[in-house]
Structure formats: C-alpha cells, structure tokens
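If you're matching positions, the sequence shown starts at 1 in the UniProt record's numbering and goes up one per residue. No residue lacks a Cβ here, since even glycine has one placed at the ideal position from N, Cα and C. Computed from a prediction, not measured in an experiment: that's the story for all the values here.
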Amino acid sequence: MCQQCGYSQSQWSGRCPECNAWNSLVETALQVQSSKLKVQNEGRIFKLSDIKIDEAGRVKTGETELDNVLGGGMVAGMVVLVAGEPGIGKSTLMTQVALNSYGAVLYVCGEESAAQVAIRVKRLSGSTSPSRPPSPKIGEGKGEVFLFESNDVDEVVQKFEGEKPGLVIVDSIQTLTTADLAGTAGSVGQVRECAQRLTAVAKRAGIPIFIVGHVTKEGNIAGPRVLEHIVDTVVWFEGERGQPLRLVRTVKNRFGGTDEVGVFEMTDKGLVGVTDPSRMLLSERVEEVPGSVVSVVMEGKRPILAEIQALAVPTQSPVPRRVATGIDYARMQTLVAVLTARAGLRLESHDIYVNVTGGIRLADRGVDCIGFFEPESIGEDRGGGRGRTSG
C-alpha cells in the first residue's frame with residue numbers, strides 16, 4: 001500500500017503507479033472486517049426547503065486572524081485539519097484556541113502528556129487555570145479545558161459522544177490508532193480510518209473539531225491524500241525558522257473562501273495577531289539601498305508591502321549558483337533566462353541570490369515584473385550590504 005496516496009496492489013514496485021511517489025509502497029496485512037459490524041446510525045432524508053441555515057451561527061475561536069481564514073469562525077460539525085512543519089507553532093495555536101473558547105474543550109493529548117500541555121498553558125497564560133470555573137462534566141464547563149491522554153480513536157469517540165464538549169482538538173492524527181485495523185500509528189490505513197471516525201462523530205454531534213497533522217520532508221501532509229478530502233477545511237501554518245512571522249492560509253474550505261490569509265507573530269507569550277504586517281516587515285529597512293526594492297503583493301485579499309532583495313556576484317564556476325528564498329525557484333530561473341535572452345544581461349557568469357525578508361513566501365506573480373538584479377549590490381543576508389535582526 002502506498003504511504004502517500006493509499007493505492008494498493010498485490011506486489012511491490014519501486015514507484016507508485018497512482019501518485020508516482022518513489023519507495024512509498026509498503027507491505028500491509030489486510031484485515032477483513034467482520035460482517036457483524038453494524039452501522040451506528042440510520043440514514044435520514046431531509047427536504048431542502050425545510051433546512052434552516054443560521055449564517056450568524058458561527059462560533060469564534062478567539063483568534064481573529066484564524067477566524068478570518070475560516071470564513072468568520074467555526075461551523076457546527078466542522079472538521080479542520082491544521083498542517084505545518086514541526087516546531088512552527090501548531091500546538092501553540094491550538095492551545096490558545098482552547099483557552100479562548102467559551103464552551104468546554106476536550107484536548108486530546110496524543111503526542112504529549114497532560115503535564116506537558118499544562119506547562120505550555122502556564123507559559124502562555126501564566127496559570128494552569130486561567131479564570132475558568134471547575135466542572136465535573138465536560139459539557140457543563142464554561143470555558144473549561146479538559147486534557148485527555150489517549151492514542152485510541154475509539155476512546156476519543158466515546159468521550160466525544162458521551163460528554164459532548166463545545167470543541168475538540170486532536171494533537172495529532174498521526175498518533176491515533178484503532179484496534180480494528182492492523183498497522184502502526186501514522187500508517188495510511190490508520191490515519192484514514194481515524195480521520196473518518198472523527199469526522200463521522202463530529203457531523204452526528206454537530207461539534208467542531210481541530211485535527212493537527214504533520215507534513216513530510218517534501219512539504220506534503222503526512223498520510224494518505226484522501227485525508228485532505230475527508231475533512232472540511234485544510235489550514236496551512238507556515239513560516240521560517242528564526243523569524244517571528246507566521247502565516248495561516250487555507251487550501252480548502254467548504255464553508256468559506258480560500259483567499260484569506262492570517263498573520264501572526266511568535267512571541268514568548270505565544271502567537272499574537274498582526275493587523276499591519278507591512279510595518280513589521282519593513283521596520284528595519286534602509287532607504288535607497290542597491291539590490292533592494294519594496295513591492296505591494298497580495299496575500300489572499302490582504303495587500304502587504306514586502307521587501308525583495310537580490311545579489312548578483314561574478315563567478316568563475318561553469319555552473320553558477322541560484323538561490324531563492326521566499327519565491328519559487330523555477331520562477332526565478334525563468335526570470336534569469338528572460339533577462340539573459342531579452343535584456344542582454346550576462347547573468348550566466350554570476351551567482352544570483354534572491355530573498356524575501358521576514359520569512360514570508362510570496363505566491364503573487366506580480367513580483368515577477370520587478371527589476372531587482374543589481375550586480376554591484378553585495379552583502380550578508382541583505383542585498384544592500386546590511387544585516388537584519390534574527391528572531
């Protein structure tokens with residue numbers, strides 16, 4: 001079975017014929033499900049005209065930037081997959097959502113112990129019980145956060161249905177397993193089955209759920225591609241190590257658009273929403289520096305002023321270096337080819353470095369028109385010869 005897309009075949013091969021991933025096929029023991037298993041709930045038929053839609057019924061997460069990305073807040077029964085690189089701040093964001101939510105929250109600790117989560121809560125809020133009244137049951141706790149240590153998805157579903165919290169956070173989907181399937185945690189079958197069970201119970205109970213997911217070294221969500229189809233919303237949490245800026249964007253959203261971007265700043269007290277990212281990105285910029293230009297780029301619906309730096313250095317190497325940070329490498333190569341062929345620049349004899357400050361990654365193709373290759377500009381981490389504060 002392919003560990004990337006879930007494709008299965010009877011014999012091993014070096015490359016998956018479905019997604020073309022190399023060395024992704026792993027021998028998996030198939031387990032025939034018992035015919036005695038019954039459907040937990042019967043199907044129901046609804047007349048479309050009888051369904052009442054409450055547009056104002058979205059529940060706020062307490063994080064304005066995240067609410068904007070989700071389309072205004074959470075919808076009842078909404079399943080959100082939060083993906084990002086290790087250490088980017090996924091658990092921090094989910095902890096803040098749990099602390100800011102009005103209703104009771106069930107936080108499933110799959111990767112950490114309850115004590116470790118409590119340490120993070122104390123770091124973010126200064127206390128493990130930030131003005132929240134105690135409650136014996138999850139459903140009765142106004143704003144109470146309940147930590148549940150378990151790696152069994154069936155136990156999670158049981159707590160989910162029995163206690164009916166206002167919000168469920170699972171950290172992470174790659175740590176959950178079910179005894180009904182063979183395979184270790186994080187395998188294709190386990191991830192798919194656990195996600196399907198969590199989604200089914202969320203729809204039945206009408207309770208929103210956040211699922212934290214890992215990414216592979218290629219930048220894809222770990223697990224089968226079908227995982228992205230199971231959930232309602234896929235949120236990418238991205239940023240550059242050593243830089244405080246974090247971007248949250250959606251690549252799929254059944255209950256809103258995908259053209260909104262949330263901006264956060266990572267601080268000692270957690271993530272803080274940034275309403276003016278341009279000021280933060282340009283706070284250390286020096287005017288009139290060769291090899292540096294400021295451009296207005298669109299991140300979703302939000303215009304942002306970003307500084308783009310370039311450095312061109314003569315080289316004797318037959319294969320000059322091309323380094324792109326913050327923009328697509330293939331696009332930079334295309335720009336170099338156009339400037340060489342049409343502008344008469346001898347860039348084939350220069351090493352070229354392009355950088356977008358602040359750790360953001362630009363997808364707006366409007367920056368392609370900016371002439372930022374200046375052979376005389378030289379510096380360390382800055383085309384104009386000046387350094388920038390790290391962290």
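Coil, strand or helix - residue i by DSSP
i	result
P314	strand
M74	strand
V105	strand
C16	coil
P303	strand
D152	strand
L99	helix
G46	A quick correction: the sequence has Phe, not Gly, at residue 46. Three-state DSSP puts F46 in coil, outside helix and strand.
D268	coil
L81	strand
L93	helix
Q9	coil
G189	helix
T184	coil
T177	strand
Q196	helix
V201	helix
V145	strand
G162	helix
V157	helix
V286	coil
V59	strand
Spatial distance of residue i from residue j (CA atoms)
i	j	result
residue 392	Y329	Coverage of the chain is limited to positions 1 through 391, which leaves residue 392 absent and any answer about it impossible.
G213	L99	20 Å
G257	P277	21 Å
S101	T61	6 Å
L25	E63	40 Å
V367	Y353	15 Å
S113	E149	7 Å
S91	R120	9 Å
V272	V323	31 Å
L66	D50	32 Å
F264	R249	11 Å
S292	Q309	4 Å
K349	T177	As written in the sequence, residue 349 is Ser, which differs from the Lys given in the question. Straight-line Cα distance between these residues: approximately 55 Å.
G43	V294	57 Å
E18	S317	40 Å
K52	S10	48 Å
M298	R279	15 Å
D259	D152	36 Å
H229	V274	30 Å
E155	P86	26 Å
L198	P320	51 Å
A185	A179	11 Å
A363	K47	43 Å
8 Å CB neighbourhood of residue i in its chain, flanking five on each side removed
i	result
T28	M1, S8, A182, G183, S187, V188, G189
L281	L245, I304, L305, A306, E307, T357, G358, I360
F255	L70, G71, V75, M78, D232, T233
L227	L81, I173, V191, R192, A195, G213, I221
L124	T92, T95, Q96, L99, K269, G270
Same chain, Cβ closer than 7 Å to residue i, five either side skipped, listed in chain order
i	result
I360	L245, L247, A306, G326
V296	P303, L305
C109	V117, L147, F148, E149, D171
V39	Low per-residue confidence applies at V39: pLDDT is 46, beneath 50, and the placement is therefore not dependable, though the value from the model is reported in the following sentence. If we look at V39 and ignore the five residues flanking it on each side, it has no Cβ neighbours.
G89	F237, R246, M266, L271
E111	D171, S172, T175
residue 392	Limits of the chain in this structure are 1 at one end and 391 at the other, which puts residue 392 out of reach.
G84	K90, V215, W236, F237, E238
Contacting residues, own chain, Cβ-Cβ under 6 Å from residue i (five flanking each side not counted)
i	result
A202	G77, V79, I209
R15	W22
Where the beta strand (DSSP E) containing residue i begins and where it ends
i	result
M298	292-299
A114	First-last for A114: 114-125, but that is the alpha helix (DSSP H), not the beta strand (DSSP E).
I169	167-171
Residue range of the alpha helix (DSSP H) that includes residue i
i	result
residue 394	A query on residue 394 cannot be resolved here, the shown segment of the chain reaching from 1 to 391 and no further.
Interface flag, residue i vs chain B, CB-CB below 8 Å
i	result
L198	This model lacks chain B altogether, as it is built from one protein chain only.
Q | Whole alpha helix (DSSP H) elements within the stretch 204-262, 4-residue minimum | A | 226-230
Q: Could you name each continuous beta strand (DSSP E) segment of 3 residues or more that falls completely within the stretch 316-375, going from the start of the chain to the end?
A: 322-325, 350-356
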